[in-house]
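Below is one structure, written out as C-alpha cells; comments come after it.
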C-alpha cells in the first residue's frame, strides 16, 4: 500500500485486484420473484381516508383483531379520531344471545367510556341493549371487562360497539355467547368491520390462500424490461444495513454504522443476471454508502467506514469511526482512499469537470436541538485525488444528497432552520458548483402538510422536473416517491405529484409499512429505485430488505435484484453520463481558492419577495449573521424560550433605494 499526504491531500493507493469474476444470481432471483408476486397478489391497495389520514390496513382487516381470540390488553382494532365511531361483528346467522363480554385496552381505557352495545337482525336497524356508565371498565389486564348479561335472550346476527362522541375508538377483544351454548365464543374469527381505519390500524387476518399466475406475471416482467430507455446492461449499487440511530442526521455518522455490505455491479439484469463484487474483501468489514459514477462512466466514488462487528454503537469523531471517501475504476481496479480525518465525508457527487462535491462535517458546529453530539455537515468540494478541499456552504445546519442538475448547478437538501418550522424544513436548494448563488428551489416556506423532508433529489433527463423521496424528520431518508415541478410554484402541494400515493409521507402523515429510497430517474415516467414492502421509516425494522426495482408512473414495479440478508440501494446505470447543458458552471476550485475577506451583495428589488410586502415602506435592511452552534446540547447556553433558536449578531444596516434596490458588502465565509 502506498500512502502520500500533502497538506489536505490524502491519496491512499490500496492493493489492486484482478477483475472480479461475476457470480450468477438468476436462481436466487427467481425465488425472490415468486415471493414478490405472492406479496403483490395478497396486497390490498387502500383508498385514502376522507380525513386524509393514511390507512395501515383496510377496515375489515383491522376489525378482525377484536375477534381473533387474543386478549392482550393492547388494542385489537383502532379507528381514526372521528365522530360516532363503531365496530361490529357478523355472526353469519340469527342467534339467540345470552352474554356479550367487551375487553378494554389497558392504555387510555377512558376512551371507551359510554360505549353502547347494539344488536341488529340485518345490519341496518339497531337496538341498544347496554350503555356503559360510571368508571372506566377494564379487560384482560385486571379481569374486569364490560359484561352485558342479556336476560331476555334477544335474537340478532350483528353485534356492534359504538360511541356517540368524537374519539379514537379502540378495544382489545369482544366475545359473544349464545343462549344454547354459554361457554363458546361464537364471534371468534367471524367477519368484522369498523367505521374507519387509520395510521394505527394493522391487518389481523390470517394469510389467504393465493393463486398466482406466475407465467403471466413473468411475461409482464419481460415486456417491461424491453423498454428502450433501458439502454444499459449493468447497474451499480451498494449493499448496506441502515445505521443504528433513526434520525435524519445521525443516520450518516460512521460511528453509528452497522457492518456488512459492499460495492457491487448487477450485470445482464434483463437476461441471466450476474453479480460482480468490486471490493472482494480488499477493505475490512464495514459500511458502504452513497456511490456515484463519473460522467465518463469510468470511475466510482463512494463512502466507507470500517466497523468492527463487536463494537457498541456510540458517537465518536475519530478517523477510524468516520465515513471517508474512496474512488475506484468500474472494473474494481485502482482503489484509492481520498479523504481522512475525524470528520464524516459522504454523498460524493462527480462534477462534469472531474472534481467531486461531497458532504462533510469538517465545517464544525452542532445541531441546535437534542442532548447528544449531532455535528453539522454541509457541502464541500475537492479534486478527485482529495486535494484542494474547500467548503462550499457556511450554512449553520445540515445539508444532504448533492446532485448535478440539468443546468449544471448543484441540487441538494438543506435543513433551513432559520425562523421556520422545526421539522417541516428539509427542502430542496440549489447553488452553482463553486457554492455561489444558493437559493431555495422548493418547499422553503411550506406550512401545509408537505413532506417533512425532501431527500435524495435527482434531476429527470429531458425535463425541468425533479424526483425525490418524501421522508421524515425523526427517521431515515426513506419514504414515498414524489415528482416536483418548481415552475408551478416554490411552495405548496400544487408543485408536487405523488408517484407512489399508496405510501404516506412518513411522520407528516404517519409511518407507512413500506418504503422507497434512492431513486434514479430514466424519464418522467420510468425510474430505478430501491424499495421494500415491509420497512419502517421510523426505526428501519423490516421483514423484507430493500431491493432494486424498475418502476413506471402507472405504479408497476419489477424486481431486478434482492439480497434477502441485506439491503440493496443506490441503483445507478453503469454507462457514460450526458454532460449537463451548462457544464461550464462547474467553476474551477483553483480560480475560486483566492482568499477573499468580503462578499458583495446586490438586491435588485426587495419587494420582489415570496411574501407580499407593501410598496414604498422599506428604508433599510439589517444584515444579521446566524452563528453556528459550538456546544453539544440544546439551549446550552440558554438563548431563547424556544430553546432551539441560534445565536445571532448584527453585522450592519444598509439603505434601500427608492426602486427597492440595495448594494452592500459583508464578511465572507460566514
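Residue numbers (the numbering used here): 177 to 846.
Idealized CB from N, CA, C, for every residue including glycine.
So, helix, strand or coil for residue 460, using DSSP?
Within the chain shown, numbered from 1, the residue matching residue 460 stands at position 284. In the structure shown, residue 460 sits in coil (DSSP, three-state: anything other than H, G, I, E or B).
Checking 9 Å against the spacing of the C-beta atoms, do residue 316 and residue 365 come in under that value?
For the purposes of this step, residue 316 is taken as residue 140 along the chain shown, with counting starting at 1. For the purposes of this step, residue 365 is taken as residue 189 along the chain shown, with counting starting at 1. In this structure, residue 365 does not lie closer than 9 Å to residue 316 by Cβ.
Could you please give me the residues that DSSP links to residue 588 through a beta bridge?
Numbered from 1 along the chain shown, position 412 holds the residue referred to as residue 588. Bridge partners of residue 588: 605.
Residue 432 by DSSP, collapsed to three states: which one?
The sequence position of residue 432 within the chain shown is 256, counting from 1. Helix at residue 432.
What's the gap between the Cα of residue 782 and the Cα of residue 558?
As a working note, residue 782 is residue 606 in the chain shown. As a working note, residue 558 is residue 382 in the chain shown. Spanning the two alpha carbons is a distance of roughly 35 Å.
Determine which residues share a DSSP beta bridge with residue 257 and list them.
Along the chain shown, one-based indexing puts residue 257 at 81. 344, per the DSSP bridge assignment.
Could you tell me the alpha carbon to alpha carbon distance between residue 670 and residue 617, rounded to whole angstroms?
Within the chain shown, the letter at position 494 stands for residue 670. Within the chain shown, the letter at position 441 stands for residue 617. So the alpha carbons of these two residues sit roughly 14 Å apart.
Taking the runs of the beta strand (DSSP E) that are 3 residues or longer, which of them lie wholly in the segment 368 to 409?
You should have 368 to 370.
Hey, is the segment 309 to 323 in contact with the segment 276 to 284, meaning 3+ C-beta pairs nearer than 8 Å?
Taking 8 Å as the limit for Cβ pairs, the verdict is that the segment 276 to 284 does touch the segment 309 to 323.
Could you say which of 335, 241, 672 and 749 lies nearest to residue 165 if we only look at CA atoms?
Nothing about residue 165 can be reported from this structure: the residues present for the chain run from 177 to 846 only.
Would you kindly work out how many angstroms separate the C-alpha atoms of residue 396 and residue 732, rounded to a whole number?
For the purposes of this step, residue 396 is taken as the residue at position 220 of the chain shown. For the purposes of this step, residue 732 is taken as the residue at position 556 of the chain shown. Whole-angstrom Cα-Cα distance: 10 Å.
On the three-state DSSP scale, how would you describe residue 653?
In the chain shown, the residue the question calls residue 653 occupies position 477. Coil, per DSSP.
Beta-carbon separation of residue 861 and residue 797 under 9 Å?
Since the displayed the chain opens at 177 and closes at 846, residue 861 lies outside it and no answer follows.
Should the segment 683 to 694 be called in touch with the segment 703 to 722, which here means at least 3 C-beta pairs below 8 Å?
Flag = yes, the segment 683 to 694 and the segment 703 to 722 touch.
Just reading off the alpha helix (DSSP H) that residue 519 is part of, what are its end residues?
As a working note, residue 519 is residue 343 in the chain shown. Segment: none, residue 519 is in no alpha helix (DSSP H) and carries neither H nor E.
Run the CB neighbour count on residue 607, radius 10 Å, all protein chains shown included, and call it buried at 16 or more, exposed below.
On the chain shown, residue 607 is found 431 positions in, with the first residue counted as 1. With 16 or more Cβ atoms within 10 Å of its Cβ, residue 607 is classed as buried.
Output the boundary residues of the beta strand (DSSP E) element that contains residue 351.
Residue 351 sits at position 175 when you count from the first residue of the chain shown. Residues 349 to 354.
Distance, Cα to Cα, residue 273 vs residue 354?
Numbered from 1 along the chain shown, position 97 holds the residue referred to as residue 273. Numbered from 1 along the chain shown, position 178 holds the residue referred to as residue 354. Their Cα atoms are separated by approximately 4 Å.
Applying the criterion that 16 or more other CB atoms from any shown protein chain within 10 Å of the CB defines a buried residue, is residue 640 buried or exposed?
As a first step, residue 640 must be located in the chain shown, where it is residue number 464. Residue 640 comes out exposed.
With a cut-off of 8 Å, do at least 3 Cβ pairs link the segment 422 to 438 to the segment 537 to 554?
In short, these stretches touch, since the Cβ pair count reaches three.
What are the start and end residues of each continuous beta strand (DSSP E) run of 3 or more residues lying completely inside the segment 246 to 299, in chain order?
Counting only runs of 3 or more, we get 257 to 259, 262 to 279 and 292 to 296.
Leaving out five residues before and five after residue 827 in sequence, what residues of the same chain have Cβ atoms less than 8 Å from its Cβ?
Counting from 1 along the chain shown, the entry for residue 827 is found at position 651. Hits under 8 Å: 799, 800, 801, 842 and 843.
Looking at C-alpha atoms only, which residue of 376, 271 and 257 is the closest neighbour of residue 344?
Numbered from its first residue, the chain shown carries residue 344 at position 168. It is 257.
Going by the CB atoms, is the gap between residue 450 and residue 253 shorter than 9 Å?
As a first step, residue 253 must be located in the chain shown, where it is residue number 77. As a first step, residue 450 must be located in the chain shown, where it is residue number 274. Not closer than 9 Å, so no.
Buried or exposed for residue 497, going by 16 or more other Cβ atoms inside 10 Å?
As a first step, residue 497 is located in the chain shown; it is residue number 321 there, counting from the start. With 16 or more Cβ atoms within 10 Å of its Cβ, residue 497 is classed as buried.
Tell me whether residue 505, by its Cβ, gets closer than 8 Å to a heavy atom of the ligand PLP.
Of ligands this structure carries none, so the ligand PLP is not represented either.
Name the DSSP beta bridge partners of residue 415, please?
By 1-based counting over the chain shown, the position of residue 415 is 239. DSSP, once it has assigned bridges, lists 438 and 744 as partnering residue 415.
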